[in-house]
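Numbering-wise, the sequence shown is residues -17 to -1, 1 to 152 according to mature numbering (1 follows the signal peptide of the UniProt record, and there is no 0).
Working notes, structure below.
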Amino acid sequence: MKYLLLLILVICFGVQAHDGRVYITGTITDNTCTLTPDSENITVNMGSVSNRQFYQAGAGAAYQPFSINLENCGSTASGVTVSFSGTEDPKNPDLLAIAAGAGNASGVGIALYNSDKSLIPAGENSRMQPLIGGQSSVHLTFYARYVADGNAVVAGEADASATFVLTYA
């Protein structure tokens, strides 16, 4: 027992402590805007669309506009991009997948577009939208539409969701 206690004391003295520092750096900026309450949860009504519109991969329904509204932009705000992320369509990762489930549509996904109707692939940034420092309100316009992904189109509910992230320049 005496030897065990001596061994434990020797081992304890062999453990050394080190101290160090953490340096934290950053910048406080004034280049962001506030998201308006009506833009925290946006619903885009896609309407009812005939499955015959999706005769080949890439064929799509009508563009449905929606806006993300900002206010109280900082004095150095100069631009913003938006990225939309969600479950990607398994056949075409540029599209958002339609929610899976009994009675839901398949063979289509939802594409998102810039205001000039150029595609915003899922998870990628939109085109830079200019901002003016101190701007009191900004309306960022986008479009959504159903697009055939290349699989056989099955009629049903065709809902999806995405999270958006604003990145300021």
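Heads up, the beta-carbon is just placed ideally off N, CA and C, and yes, glycines get one too.
Asked: Give the single residue among S144, T150 and L149 whose Cα lies nearest to the Cα of E71.; Found: S144
Asked: Taking N52 as the reference, give the member of P73, N34 and P20 with the closest Cα.; Found: P20
Asked: Count the other CB atoms, across all protein chains shown, that sit within 10 Å of the CB of R110; report buried if there are 16 or more and exposed otherwise.; Found: exposed
Asked: So what does DSSP say about S22, is it helix, strand or coil?; Found: helix
Asked: Rounding to the nearest angstrom, what Cα-Cα distance links N87 and V65 in this structure?; Found: 28 Å
Asked: Is there contact between the stretch 76 to 85 and the stretch 32 to 42, where contact requires at least three CB pairs shorter than 8 Å?; Found: no
Asked: Whose C-beta lies closer than 7 Å to the C-beta of G92 among residues of the same chain, with five residues either side of it excluded?; Found: D72, N75, L78, L79, A80, I81, V130 and D132
Asked: Just list the residues that DSSP pairs R128 with in beta bridges.; Found: A94
Asked: Determine, using beta-carbon pairs with one atom in the stretch 23 to 36 and one in the stretch 54 to 61, whether at least three such pairs fall under 8 Å.; Found: no
Asked: Have a look at V136, G84, E107 and S98 and flag the residue whose alpha-carbon is nearest the alpha-carbon of G69.; Found: E107
Asked: Alpha carbon to alpha carbon, how far is T10 from S31? Give it in angstroms, no decimals.; Found: 48 Å
Asked: Provide the residue span of the beta strand (DSSP E) that contains T64, from first to last.; Found: G62 to S68
Asked: So is A94 buried or exposed if we call it buried at 16+ other beta carbons inside 10 Å?; Found: buried
Asked: Rounded to whole angstroms, what is the Cα-Cα separation between S22 and S119?; Found: 15 Å
Asked: Under three-state DSSP, which class holds N108?; Found: strand
Asked: Just how far apart, CA to CA, sit Q112 and A44?; Found: 26 Å
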